[in-house]
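Under this note's numbering, read the sequence shown as residues 7 to 106, first letter to last.
Here a beta-carbon is modelled for each residue, glycine too, at the ideal position from N, C-alpha and C.
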Amino acid sequence: MDHLPEFNTVALERERCKGCYLCIKACPNELFLVDKNPNQAGHYPVLMENAQYCLNCMRCVDICPDQALTPPVSAKLNWQGVVFWGSLKWHQRQNKQGKP
Ligand code: SF4
Ligand code: SF4
């Protein structure tokens, strides 16, 4: 194999992003961060971290007003993302209850 396989998930076109950050709020797995580098239009776009944990739920694609996010060719539910989501929710519950 001469390259790593790409994750079958949404693609971001950073030049289209206007930095509204609706996708950050919409993503159940909190995969979006704000890029420290502006795009050519001077907006600070998002970037996706840990794309392997994307659920392929398409909430970000649906909410983006600028069509900066496009769905993968086949948007099947990603089980690795589902496991991550379960773990994230568990940790959030623990933190709310003040437990370690
Ligand atoms: S919703 Fe679209 S325009 Fe808004 S920050 Fe996300 S990618 Fe950028
Ligand atoms: S498809 Fe769902 S899980 Fe994946 S980045 Fe978008 S909102 Fe997050």
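Other residues of its chain near residue i: CB distance less than 7 Å, five sequence neighbours each side excluded
{"i": "Trp91", "result": "Pro34, Asn35 and Leu61"}
{"i": "Asn56", "result": "Leu37"}
{"i": "Pro44", "result": "Tyr50"}
Burial state of residue i, where buried means 16 or more other Cβ atoms lie within 10 Å
{"i": "His9", "result": "Its pLDDT being 43, under 50, His9 is placed unreliably in this model, and the coordinates cannot settle the point."}
{"i": "Leu37", "result": "buried"}
{"i": "Asn101", "result": "exposed"}
{"i": "Ala47", "result": "exposed"}
According to DSSP, residues forming a beta bridge with residue i
{"i": "Ala17", "result": "Thr76"}
{"i": "Val52", "result": "Val40"}
Cβ separation of residue i and residue j, assumed to be a contact under 8 Å, to the nearest whole Å
{"i": "Pro51", "j": "Cys23", "result": "4 Å"}
Spatial neighbours of residue i in its chain, beta-carbon cut-off 8 Å, leaving aside the 5 residues before and after
{"i": "Gln86", "result": "Gln58 and Tyr59"}
So which residues touch the region around ligand 1, with touch meaning a C-beta under 5 Å from any heavy atom? Cys23, Lys24, Cys26, Tyr27, Leu28, Cys29, Val52, Cys70, Asp72 and Ala74
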